[in-house]
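Heads up, the thing below is written out as structure tokens.
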Amino acid sequence: DAKTTQPPSMDCAEGRAANLPCNHSTISGNEYVYWYRQIHSQGPQYIIHGLKNNETNEMASLIITEDRKSSTLILPHATLRDTAVYYCIVRTTDSWGKLQFGAGTQVVVTP
Amino acid sequence: DAGVTQSPTHLIKTRGQQVTLRCSPKSGHDTVSWYQQALGQGPQFIFQYYEEEERQRGNFPDRFSGHQFPNYSSELNVNALLLGDSALYLCASSPVTSGSYEQYFGPGTRLTVT
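Going down the list, the protein sequences come from chains A and B.
Reading the first sequence from the start, the letters are residues 1 to 111 in my numbering.
Reading the second sequence from the start, the letters are residues 112 to 225 in my numbering.
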């Protein structure tokens, strides 16, 4: 299974865009990139996923490079409630989709 | 529509004891996965149940076992508890027919082994 590399932490000012990088250089052609976040003392929450095209939903945008070796999660207007650990996950090739979490990126949004 | 629910919220057990944790999946979901999250680490996959059978298993010893009921709810059992079993145990559900395999997580059960 492909693994991911994320920075351990980053800060972001409230109202500004937060750009969270993720490296997945060994990703296979049929593996998706998923993003989850975990607010303190809660279960992880699904944010967005993609295969090769850029994706956008009400929470965030996902930009995947053409070679698919890295991606960036964009929170367009960060709020204090976006403070959380963000996990970049490459879904296993098994169709049942076991999730392999790494250490993630601790994002702190400051006023 | 209730999301994924887990019980109990917190639990304290003594080393060597046995524990059972419970999970009710989100309405319409038939697949349940269990994860263990140690303090400061990401969740680690334990196993997944579908149609009352274990479909996948992570790198956990046989002391960890589970069950899924006809109503899709699930239990996680841990025997011969060790201090290292202290963690947040998360349950996640997903619909097998979902093309995205998005998983919805419950709030977790905090297990402390003393």
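Quick reminder that beta carbons are idealized off the backbone N, C-alpha and C, glycines included.
Query, Result
"In the DSSP assignment, the beta strand (DSSP E) including Thr131/B goes from what residue to what residue?", "Val130 to Ser135"
"Return no unless some Cβ of chain B is closer than 9 Å to the Cβ of Pro44/A.", "yes"
"Name the one or two DSSP bridge partners that Pro21/A has.", "Thr72/A"
"Just the chain A side, please: which residues come within less than 8 Å of Phe171/B by C-beta, in chain order?", "Within chain A, no residue comes near Phe171/B; the closest Cβ sits about 12 Å away, beyond 8 Å."
"Which word fits Ile48/A, buried or exposed, when buried means at least 16 other C-beta atoms lie within 10 angstroms of its C-beta?", "buried"
"Are three or more beta carbon pairs between the stretch 15 to 34 of chain A and the stretch 63 to 72 of chain A nearer than 8 Å?", "yes"
"Would you say Lys98/A reaches chain B, if we count a Cβ-Cβ gap shorter than 9 Å as a contact?", "yes"
"Can you pull the chain C neighbours of Ala84/A, defined as C-beta to C-beta under 7 Å?", "Given the protein chain composition of this structure (A and B), no chain C is represented."
"Are the C-beta atoms of Ser28/A and some chain B residue less than 9 Å apart?", "no"
"List the DSSP bridge partners of Asn188/B.", "Thr131/B and Ser176/B"
"With distances taken Cα to Cα, identify the nearest neighbour of Gln106/A among Arg91/A, Gln38/A and Gly50/A.", "Gln38/A"
"Between Ser70/A and chain B, is there a C-beta pair that is closer than 9 Å?", "no"
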